[in-house]
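Numbering (my numbering), first residue to last: 1494 to 1833. Backbone N, C-alpha and C define an ideal beta-carbon position, used for all residues, glycine too. The structure displayed is predicted, hence computed values, not measured ones. Below: one structure, written as structure tokens.
So this is what it looks like as structure tokens:
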């Protein structure tokens, strides 16, 4: 399936176009405009912004033609949870920001199906009881098997049997149908679940830990694992680091590289281990590989702080693409991941 790239002006909804404009204007100017919206509009634009992912410079130019020169060097904008939260924090109190971001994020997990696999089984069973059996079958088929096994026994016998029959007979589900179901789950179920159960603390800690330097992080995990091993394991699963990019399939890694600024990528690989650098270079065409190698070799020494920041930026690009559905991030405990 071809990688989805947000470069079609007509494909964006009104709230997505607004989100692109706010992001392109920057946090300060964008927040000045956003604070003039009412609560419902803020929620709608924030949700679009958080799930926007990467937007090409061509689309930005189409939306902001009068500012073409200013944004030509920027190239692209990235809509993510972090950028959304920072912008909201400029004009809303912390409790309102937490409420809105909690609704957007929902339970822990990188994809909707991972999030559903972290929802309490009793809550999920109650929700599925009010859905069409076919919809329930699709949801349970896409979730982790261990969690689906906890949910099925809680369904009424007649519904359970019908759902199981449909799960057995289910064939490949069209992408459009899956997207519709994901949208319903996000808008109708996850927002209510987040308001009722609050934000997932492990997801929050994983986001914090992703921003801590590696040496300190290693010490923290050593100490934390001694007192809270289960929480440590869950946080590790939710974290995604530069090293995890090596477990992306070739097509996905190529897509991430194409979205990255070449200069930042060169800095990130300059300070990476040789095996990591070679792996990134191995997925490029010969011409692209020679260009990147030449830039790495000719840039001179770089500070490790700059390397860490560049690597973190590339990770954020990958996470934004995963939120947009362009790639699938591997889980940290996947033992069958392939390194080329």
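Element boundaries [alpha helix (DSSP H), containing residue i]
i: residue 1750; result: 1743-1752
i: residue 1756; result: 1755-1763
i: residue 1723; result: 1722-1731
i: residue 1509; result: 1507-1518
i: residue 1608; result: 1605-1609
i: residue 1737; result: It is not in any alpha helix (DSSP H) - residue 1737 carries neither H nor E in the DSSP assignment.
i: residue 1781; result: 1779-1791
i: residue 1616; result: 1614-1622
i: residue 1773; result: 1767-1775
Spatial neighbours of residue i in its chain, beta-carbon cut-off 7 Å, leaving aside the 5 residues before and after
i: residue 1753; result: 1807 and 1810
i: residue 1764; result: 1795, 1797 and 1800
i: residue 1725; result: 1714, 1717 and 1718
i: residue 1782; result: 1774
i: residue 1629; result: 1621 and 1656
i: residue 1652; result: 1622 and 1626
Cβ-heavy atom distance, residue i to the ligand GDP, below 7 Å
i: residue 1794; result: Here there are no bound small molecules, and the ligand GDP is not part of this structure.
Residue environment, residue i, which counts as buried when at least 16 other CB atoms sit within 10 Å
i: residue 1527; result: buried
i: residue 1608; result: buried
i: residue 1612; result: buried
i: residue 1522; result: exposed
i: residue 1768; result: exposed
i: residue 1675; result: buried
i: residue 1567; result: Interpretation of residue 1567 is limited by its pLDDT of 46, a score under 50 that renders its predicted location unreliable; no figure is taken from the coordinates.
i: residue 1792; result: exposed
i: residue 1553; result: buried
i: residue 1618; result: buried
i: residue 1546; result: buried
Chain-order list of residues whose beta-carbon lies under 8 Å from that of residue i (same chain, five-residue window excluded)
i: residue 1822; result: 1603, 1733, 1737, 1741, 1811, 1812 and 1815
i: residue 1710; result: 1702
i: residue 1633; result: 1621, 1641, 1644, 1645, 1656 and 1660
i: residue 1756; result: 1788
i: residue 1704; result: 1805
Own chain, CB closer than 6 Å to residue i, minus 5 neighbours either side, in chain order
i: residue 1655; result: 1626
i: residue 1745; result: 1820
i: residue 1518; result: none
8 Å Cβ cutoff, residue i in contact with chain B
i: residue 1587; result: Absent here is chain B; the protein component of the structure consists of one chain.
Open item on the list: Quick check on the DSSP output: what are the complete alpha helix (DSSP H) runs of length 4 or more inside the segment 1624-1702, in order along the chain?
Closed with: Entirely contained in the segment 1624-1702, the alpha helix (DSSP H) runs reaching 4 residues are, in chain order, 1626-1635, 1638-1644, 1650-1662, 1668-1677, 1684-1690 and 1694-1702.
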